[in-house]
Amino acid sequence: MGAVLGLNIPYARNMPAGLIPAALADTPEGFRIPGKHEGLVVLNDRPLNAETPAYLLNDDITPNDRLFVRNNGFPPSNVDASTWTLDIGGESVRTAKRFTLEELKSRFPKQTLQLQLECGGNGRSEYRPRARGNQWSTGAVGCPEWTGIRLRDVLEECGVQDSAVYIGYQGADRHASGDPTKSAISRGVPMAKALEDETLLAFSINGGEIPALHGAPLRLVCAGWPGSTSGKWLTRIDIRDRVHDGTKMTGKAYRVPCTPVAPGEAVDESEMCIIESMPVKSLITSIRSGTVHPVNEPIRVGGHAWAGDLEVRQVELSGDFGQTWSTCELREPPNRLAWQRFEGELTFPVEGYYEIWARATDQAGRMQPMLVPGWNPKGYLNNACHRVAVRVA
Amino acid sequence: MSIAQAGDDILKIRWFVVGICLLAYTPLAQTAEGESPKPLTIAKEPGSNFDASNFAAGQGRELVIANCTACHSDKLVTQNRSDSQGWRELINWMQKKQGLWPLDPKTEDAIVEYLATYYGRPQVADDTRRPALPEHLMPPISSSPPTPPSPGRKIRD
Chain A
0 MGAVLGLNIP YARNMPAGLI PAALADTPEG FRIPGKHEGL VVLNDRPLNA ETPAYLLNDD
60 ITPNDRLFVR NNGFPPSNVD ASTWTLDIGG ESVRTAKRFT LEELKSRFPK QTLQLQLECG
120 GNGRSEYRPR ARGNQWSTGA VGCPEWTGIR LRDVLEECGV QDSAVYIGYQ GADRHASGDP
180 TKSAISRGVP MAKALEDETL LAFSINGGEI PALHGAPLRL VCAGWPGSTS GKWLTRIDIR
240 DRVHDGTKMT GKAYRVPCTP VAPGEAVDES EMCIIESMPV KSLITSIRSG TVHPVNEPIR
300 VGGHAWAGDL EVRQVELSGD FGQTWSTCEL REPPNRLAWQ RFEGELTFPV EGYYEIWARA
360 TDQAGRMQPM LVPGWNPKGY LNNACHRVAV RVA
Chain B
0 MSIAQAGDDI LKIRWFVVGI CLLAYTPLAQ TAEGESPKPL TIAKEPGSNF DASNFAAGQG
60 RELVIANCTA CHSDKLVTQN RSDSQGWREL INWMQKKQGL WPLDPKTEDA IVEYLATYYG
120 RPQVADDTRR PALPEHLMPP ISSSPPTPPS PGRKIRD
């Protein structure tokens, strides 16, 4: 069983049958997620949540084994792609329809796009007072290449009435309590986002099957918005005549105060607004924080920048705690909503402790802050500039 | 066995654990008083080198294990820091939204007390607008000899 779970549990033979998964909670060091790079940091093993250290995200197209995992509940078991169906319904659909996976694949034009996904809570660990939930640092982001069909094509085949406001998805994952009447998560996006060219019903990642953890056999990809809008293990999409009210659409989930509040301030649920596009952000991936570097030898500093629904206009680097900045080379995205490669160079003429900071600016002129931005009760949207520590010797 | 089936097993175990909590340890799960609660032994076989959870040793630990590890692992709890009011609000949210069963007031108090003691707000001021980089991302203090950052560090804080 250890092998099946990708674990090295020397004492597995001592375990009562069926108890190994519970024991995972106690063996973080030996815990290795099947199909994942061993460097991923497991924040929670049940439900599984794991992030990727920045230096492992250097690929322009994030490989499957380096894509972060955010599960709200438990993935479905016994997934059979040959019998999988997707229902389209809701108050504002003209004709409710059911499609098999094969029909989706054969009847609609295929799209392959590189699309970035970032968890709304990425960076939560820096908020003070602390915000509750998984304490993501910088690694709940990735930009794989997805293949699927446009959600718009399928919705239009069913007919979208003028009353349509939002879509809401349902997935086959199960609530952590095991209660079958509870849903683990059921979120969505406004019609305008749902009908965008890049909003996909994806059945393939990086040229292969979507791994079970990432939503096989069918998932949504709503790039640039909180990852939770990109529902996994999709079974149903409703075209709603109101803002979707599924699990984690309401209360404080994936919402921030409608107007800024002081750190720690109590905020009423009625004052919380749904997060839409994610803010501009960047990550230095070519050097590992904590490295030692020789004096006077230029360091190549590369990484990725992204800006929710927008494009990144500029990325700058500072090696002196923000006093001076130099502009990087910045590549065009391969397609809309993909992250963009940046490359720059810094030289340190004097030995000592330095931090390399990266700061991106989006096409609307909004820039990453150097401090943690507006505090919010659930700790979303921390896009403070990335810092990598270097000792120059 | 697929990952999804492993997930299935997890589900079964969860119910198994819930079962244990509710049946064998009903007094434990429902009241903070009474005889000194027996530690939960369900996940610990003789000779195995793992414990039921990574929760800090202290009064109330068994209650927390019994009531807080059925749906998710201890790690979702121990990643967090809050004061008593924050922990109480979280428990109430979990009851309202996530299916956490009702707790009698004494049990709830004991759980809150344990969490606020061992997973409380830091004593020193912790109101910075930007924390220093965590230790595992820092270079060596002195420039020689250069030691690479320790590999395989999985759990922070």
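Chains as they are written, first to last, in numbering that gives the first Met the number 0: chain A, 0 to 392; chain B, 0 to 156. We put the beta carbon where it would ideally sit given N, CA and C, even for glycine. Please read these numbers as outputs of a predicted model, since none were measured by experiment.
Min CB distance residue i to chain B below 8 Å
| i | result |
| --- | --- |
| Asn334(A) | no |
| Pro108(A) | no |
| Lys377(A) | no |
| Asp178(A) | yes |
| Arg45(A) | yes |
| Ala261(A) | no |
| Glu250(A) | First, the residue type needs correcting, since residue 250(A) is Gly and not Glu in the sequence shown. Interface residue, yes. |
| Val291(A) | yes |
| Thr323(A) | no |
| Val266(A) | no |
Backbone secondary structure at residue i - three-state DSSP
| i | result |
| --- | --- |
| Gln78(B) | coil |
| Cys272(A) | strand |
| Glu101(A) | helix |
| Met137(B) | coil |
| Asn66(B) | helix |
| Trp224(A) | coil |
| Asp319(A) | coil |
| Tyr168(A) | strand |
| Ile398(A) | The requested residue 398(A) is not part of the displayed model; chain A covers only 0 to 392. |
| His213(A) | helix |
| Asn121(A) | coil |
| Lys43(B) | Note that Lys43(B) scores a pLDDT of 31, beneath 50, so its modelled location is shaky; the value from the coordinates is reported in the next line. In the structure shown, Lys43(B) sits in coil (DSSP, three-state: anything other than H, G, I, E or B). |
| Gly85(B) | helix |
| Lys95(B) | helix |
| Ser264(A) | Before going further, note that residue 264(A) is Glu rather than Ser in the sequence given. Correct three-state label for Glu264(A): coil. |
| Met190(A) | helix |
Within 8 Å, strictly: CB atoms of residue i and residue j
| i | j | result |
| --- | --- | --- |
| His385(A) | Thr137(A) | yes |
| Gly395(A) | Arg330(A) | Missing from the structure shown is residue 395(A); chain A here goes from 0 to 392 and no further. |
| Leu99(B) | Met93(B) | yes |
| Arg235(A) | Tyr54(A) | no |
| Gly223(A) | Met277(A) | yes |
| Glu342(A) | Glu328(A) | yes |
| Gln110(A) | Ile60(A) | no |
| Leu42(A) | Thr284(A) | no |
| Gly89(A) | Ile273(A) | no |
| Ser83(B) | Ala131(B) | no |
| Leu75(B) | Ile110(B) | no |
| Val291(A) | Ala392(A) | yes |
| Pro376(A) | Lys251(A) | yes |
| Leu309(A) | Gln362(A) | yes |
| Lys280(A) | Ala359(A) | yes |
| Ser72(B) | Arg45(A) | yes |
| Arg299(A) | Glu350(A) | no |
| Asn63(A) | Asn205(A) | yes |
| Arg151(A) | Leu219(A) | no |
Exposure of residue i, with buried meaning 16 or more beta-carbon neighbours within 10 Å
| i | result |
| --- | --- |
| Asn66(B) | buried |
| Ser229(A) | buried |
| Asn370(A) | The question names Asn, but residue 370(A) is Leu in the sequence shown. Exposed. |
| Phe320(A) | exposed |
| Arg106(A) | exposed |
| Tyr352(A) | exposed |
| Arg97(A) | exposed |
| Asn381(A) | buried |
| Ile140(B) | exposed |
| Arg123(A) | buried |
| Pro332(A) | buried |
| Val314(A) | buried |
| Val422(A) | As shown, chain A starts at 0 and ends at 392. That puts residue 422(A) outside it, with no answer to give. |
| Pro143(A) | buried |
| Gly307(A) | buried |
| Lys95(B) | exposed |
Cβ of residue i within 8 Å of any chain A Cβ
| i | result |
| --- | --- |
| Thr127(B) | yes |
| Gly98(B) | yes |
| Leu136(B) | yes |
| Gln78(B) | yes |
| Cys70(B) | yes |
| Leu75(B) | yes |
| Leu21(B) | With a pLDDT of only 37 at Leu21(B), under 50, the local geometry of the prediction cannot be trusted, and no value is derived from it. |
| Trp101(B) | The question names Trp, but residue 101(B) in the sequence shown is Pro. Judged by the 8 Å Cβ criterion, Pro101(B) is not in contact with chain A. |
| Pro139(B) | yes |
Below-8 Å beta-carbon distance, residue i vs any chain D residue
| i | result |
| --- | --- |
| Asn133(A) | In the displayed structure, chain D is absent; the protein chains listed are A and B. |
Using 8 Å as the threshold, is the segment 167-176 of chain A in touch with the segment 66-83 of chain A, meaning 3 or more CB pairs across them?
-> yes
The segment 110-128 of chain A contacting the segment 262-277 of chain A, beta-carbon criterion three pairs below 8 Å = The answer is yes - the segment 262-277 of chain A touches the segment 110-128 of chain A, with three or more Cβ pairs under 8 Å.
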